[in-house]
Structure formats: C-alpha cells, structure tokens
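Residue numbering for the sequence shown follows the working numbering, starting at 144 and increasing by one per position. Every residue, glycine too, gets a C-beta built ideally from N, C-alpha and C. Values in this document were obtained by computation on a predicted structure and should not be read as measured data. Here's the structure, in structure tokens; my notes come after.
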Amino acid sequence: MSQTFDLVIRGGEVILPGGRSRADVCVRNERIAAIVESGVAIDAQRTIDAKGLFVLPGLWHVHVHFREPGHTYKEDFESGTRAAALGGIAFCLDMTNNDPHPTTRETFARKRDLVSGKALIDFGLYGGGLYPKTVADLAREGAIAIKVFNTRHVREVYPYISELGVVDHGILYEIFEAVSEQGLVCSVHHDDSEWCKRLTFRDYIDAGRTTVQDYFDCYAKGYMYGHGMGAGLAASLYYARLTRTPLHVLHLGVMPAEANELIRHAKFELGQDVSAEMETAALFMTREQAEKVGPNAYLWAYNPGAHWQSVRDGTADMLVGEHAPHTFEETQPGWKDNFSVPLGITGAQEFIPLVLDAVNRGRLSLEDVARLCALAPARRFGLHPRKGAIEVGADADFTIVDMAKENEFRKEDMATRAGHTSWEGMRTRGMPVCTIVRGSIVMQNGEIVARPGSGRFHPGKGVR
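Take a look at the structure:
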C-alpha cells in the first residue's frame, strides 16, 4: 500500500464483527484506517508483530469503583486505570460511590475534571441518580448513564450509605421519567430494603448469628441480596416499562433464578429495552478461594458456575469484573461479623485473564469475549460504532492476547492501591499482552508505557 500509517498490527488472528481473520490492521490519526490481507506491503511508523496472537477490539469494564474522590487510600483513578490496562482493558465506566457523590452538576463536573488528568485508558462516568431534578444537569455535564442504588443496606459500611440510597418508589419513578427524557440508560442496583432488613435482623443480627457461615446462610435464603434484589427488580422493570426507560440491571450474579426469569420474560417475551451484566466472580469464585482471600468474597461463592445459563441464553448481555476494592485490613473483621464489613472484591486487573481462561476451558469463544466485553457494552452505552468493534473508522482500541500464556494472581503483581487480590494463588491460561487505546500503546508485555492523562473522557449521548 502506498499510504503511510501511524501503526500496523501484523499477522494476528483478528476478531472482527463477522468472524475471525488473519489480517493486518492499520491505524492513522487514532482511528482504524484499513484492515488488509496479512502480508501486504505496508509503510508504517510503528509495527507490532502479532503472529501467534489474537487481536480483539479494545475490551471494556463497565463496573469499576476507582474511589476517587473521597476514598483514595483504597484506589484512585491512576492506580485503577493502571490495573485495568495491565488486565487488557481499554475502556471503563466508573461508578458513583464517592465523596462527594456525583449527583449534581457541580459534584459531577468536579469529579470529571479531577480524574481526567490521571486516566491511562479511555473512560466514561456514571452520574448518581438521587434527585430527579438533577438528571438533566448530569446529562449535560457528560454522564454516560445514571446509576441508582435502590437499596439501604443492612449495616454495610458503604460510602454511599445512606445518602445515595433511593428507597422511595415515588422518587424512583420520577428518576426513571427524567432519565427517559434525556435518552440515557438507567442502571440500577436493586433491593427491597425493608424486606431484607426485617428478615436479616430477625433471623441473624438480633440473634447474634454474624459469622461468615451465618452470612453465607443468610444470602442462601435470599435475605441478603437474593430475593430482595428480585423484588426490587420487579418494581424497576415495571417503572421502566411505563416510562420507556432503557434499564440496565446490575449484579445479576447475586440474583436468584427467579430474578433471572423476570429479565428473560421482559427481554424476550415483552420486548422491553433491558440489559444486564454478569459478574465474573459469580462464574469463577469458589468457597475454597474465598477461604484463602477473605470473608467478603464469600457472597460470590454461594453457587459458583450456576449463572452460565444466563450468559449462554442472552439474559446477561455483558460480563464485568466488578472491581470494588477495599483494603485487606477492612475486610478481616468479617470473620467474626461479616455483616459489618464493606462488600466488594478486586477485579480490574483480573477480569480479562479469568475470561480468557474460560475460553481455554471451552466455556466461551473469543468471539463471545469480543461481544460480551466490547461490542455489547459499547452499543448499550452509546459509543458504538466509535468503539466496541474492529471496523474501519472506529477508534483504534485493541486488546492483544496470548492464549497460551499462563498466569498466577499474586498480590505483589497487582497495581490496585488496595494492596491485594481476591484471586490470590489462582492460576489461569490466556493473558492480555498489549493494550492499545486510540492507536497508542498503553501496556505491552506486562509493562505500562503510557502516561497518566493519556486516557480520554467520553461523554454520554445525553450531552446537549
């Protein structure tokens, strides 16, 4: 070819929207400029040899808690995006449990401006759905979606408790109305707080049953999360249908089978605009692993692997690692009182290696990974065709993986400020070896080569 490109990725097996192909991908001015038959003469300023490797679209993580502003001793935007890039992530969506909470124009803009100079990868930001009257302001400031905590957790020391909890269904309905008017997606952490609170206190906390096993049993009965989440989900599905609001369901991995059935009915029988995300922890965490790493991992170990059906049949549209870091010291009191410690495990750096291991085990294909971890989230949150697929004209975001490379998760290799990994000692096969964002290499062979601030904020489609 007579043209000169900024970058060419040569000789890899490229995962395209229509299937895989041995091809060379050419980049100019941050975009994919050409996809050509492998081996054609190409003039480029930089070449990446991808022979023996697989080239995926830049992968997404749509559920991270990078804790900035307010709780940066656990994580900040630089450390969080560094961990994500090391794990093959090219784009992330950051959640809202910060201090101050990004629920108004001022607090959202302050967070956006604060973190924009620290990111190593591209990102979007959730706006906090607490006040119906501020939803339009959040959309104008660039919120990619609105996050609602339809919950008041029982003694969980979460940063948003209780300021971010929306338990008044009248307010919840008005938030749906406001989100619909802005053309955004409303993502909801569901619960029926009073139901959960009453039964949990009655049978466990007031009875002095607070150990890890007690917590595990409480969850198994559906008091913590479980059926309470299903009850909250039923209300949100109804309100979203009445208001024609696109609904995104969070935490599918801790919902019971009955809740999964509600989503299937809404999506496939009623044709409602509903999507859902499945946490990898619900697919891979075991009780043996939880016993090694800490009490707050037990929630995910209730029924490992039981949620694969929702991934296979399309109930879950996308996969997430649900990176919600806490320090190791914060979690340890949970061995005696697991109702008193903050929930959440690490998952920014570990997410994609876990998914690639599932490919090697025959659970998924690389085409599934491209769909579940790039195309589906990019479409849902309004950034496709700019992102989410390897197509001419799209941003030159790529995750290059070596499916034979073996890995062991160790705390000393983790970039998170939390200082540990919830997957300590677990061995996987299949690893990201290069993360590219808009044609610039961010991670190569396990080393970060980009500078903080090279990542770019992408506003939602509701911006006026």
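Residue span of the beta strand (DSSP E) that contains residue i, given as start and end
i: residue 325; result: Careful: residue 325 lies outside any beta strand (DSSP E), inside the alpha helix (DSSP H) at 312-325.
i: residue 266; result: 265-271
i: residue 153; result: 150-159
i: residue 540; result: Careful: residue 540 lies outside any beta strand (DSSP E) and carries neither H nor E.
i: residue 192; result: 190-192
i: residue 370; result: Not the beta strand (DSSP E): residue 370 falls in the alpha helix (DSSP H), residues 369-386.
i: residue 335; result: Residue 335 -> no beta strand (DSSP E), and no H or E assigned at all.
i: residue 453; result: Per DSSP, residue 453 belongs to no beta strand (DSSP E); it is in the alpha helix (DSSP H), 451-455.
Cα-Cα separation, residue i to residue j
i: residue 533; j: residue 203; result: 14 Å
i: residue 222; j: residue 262; result: 9 Å
i: residue 499; j: residue 419; result: 21 Å
i: residue 172; j: residue 579; result: 13 Å
i: residue 255; j: residue 600; result: 8 Å
i: residue 298; j: residue 483; result: Residue confidence for residue 298 is low, a pLDDT of 42 falling below 50, so the modelled location carries little weight and cannot support an answer.
i: residue 543; j: residue 468; result: 26 Å
i: residue 157; j: residue 148; result: 18 Å
i: residue 466; j: residue 324; result: 30 Å
i: residue 382; j: residue 294; result: 16 Å
i: residue 403; j: residue 505; result: 23 Å
i: residue 235; j: residue 184; result: 35 Å
i: residue 574; j: residue 568; result: 16 Å
i: residue 160; j: residue 514; result: 8 Å
i: residue 338; j: residue 376; result: 14 Å
i: residue 291; j: residue 332; result: 6 Å
i: residue 213; j: residue 247; result: 16 Å
i: residue 199; j: residue 266; result: 18 Å
i: residue 546; j: residue 189; result: 24 Å
i: residue 155; j: residue 165; result: 6 Å
i: residue 258; j: residue 591; result: 18 Å
i: residue 215; j: residue 240; result: 12 Å
i: residue 519; j: residue 354; result: 39 Å
i: residue 356; j: residue 319; result: 38 Å
Supposed close pair residue i, residue j - CB separation, criterion 8 Å
i: residue 456; j: residue 233; result: Actually they do not touch by this definition, with Cβ atoms about 28 Å apart.
i: residue 491; j: residue 207; result: 6 Å
i: residue 576; j: residue 264; result: At roughly 16 Å, the Cβ-Cβ gap does not stay under 8 Å, so residue 576 and residue 264 are not in contact.
i: residue 153; j: residue 193; result: 6 Å
i: residue 372; j: residue 346; result: With 8 Å as the limit, residue 372 and residue 346 do not qualify as a contact, their Cβ atoms being about 18 Å apart.
i: residue 438; j: residue 470; result: 14 Å between Cβ atoms; not a contact.
i: residue 284; j: residue 251; result: 5 Å
i: residue 374; j: residue 312; result: Not quite, the Cβ-Cβ distance comes to about 11 Å (not below 8 Å), so this is no contact.
i: residue 286; j: residue 268; result: 6 Å
i: residue 496; j: residue 571; result: 5 Å
Cβ neighbour criterion (16 or more within 10 Å) applied to residue i
i: residue 512; result: buried
i: residue 476; result: exposed
i: residue 217; result: buried
i: residue 478; result: exposed
i: residue 225; result: buried
i: residue 508; result: exposed
i: residue 556; result: exposed
i: residue 459; result: buried
i: residue 594; result: exposed
i: residue 400; result: exposed
i: residue 472; result: exposed
i: residue 422; result: buried
i: residue 493; result: buried
i: residue 219; result: buried
i: residue 481; result: buried
i: residue 341; result: exposed
i: residue 364; result: exposed
i: residue 288; result: buried
i: residue 205; result: buried
i: residue 531; result: buried
i: residue 260; result: exposed
i: residue 414; result: exposed
i: residue 167; result: buried
i: residue 535; result: exposed
Unbroken alpha helix (DSSP H) run spanning residue i, endpoints
i: residue 217; result: Segment: none, residue 217 is in no alpha helix (DSSP H) and carries neither H nor E.
i: residue 496; result: 494-503
i: residue 520; result: 519-523
i: residue 435; result: 430-436
i: residue 361; result: 355-363
i: residue 425; result: 423-427
i: residue 250; result: 248-259
i: residue 514; result: Counting along the chain, residue 514 falls outside any alpha helix (DSSP H), and DSSP gives it neither H nor E.
i: residue 211; result: Careful: residue 211 lies outside any alpha helix (DSSP H) and carries neither H nor E.
i: residue 400; result: 400-407
i: residue 440; result: Unbroken run through residue 440: none, as it is neither H nor E.
Minimum Cβ-Cβ distance from residue i to chain C less than 8 Å
i: residue 463; result: Absent here is chain C; the protein component of the structure consists of one chain.
The stretch 264-274 touching the stretch 307-327, judged by at least three CB pairs closer than 8 Å: Contact between the stretch 264-274 and the stretch 307-327 is present, with at least three C-beta pairs closer than 8 Å.
contact_flag[the stretch 388-404, the stretch 326-346] where n(CB pairs < 8 Å) is 3 or more: In short, these stretches touch, since the Cβ pair count reaches three.
Given 8 Å, three or more beta-carbon pairs between the stretch 402-417 and the stretch 434-444: No: the two stretches stay apart, fewer than three of their Cβ pairs being nearer than 8 Å.
Meets three-Cβ-pair contact criterion under 8 Å: the stretch 423-431 and the stretch 512-530: As far as the Cβ criterion goes, the stretch 423-431 does not touch the stretch 512-530, which means the pair count is below three.
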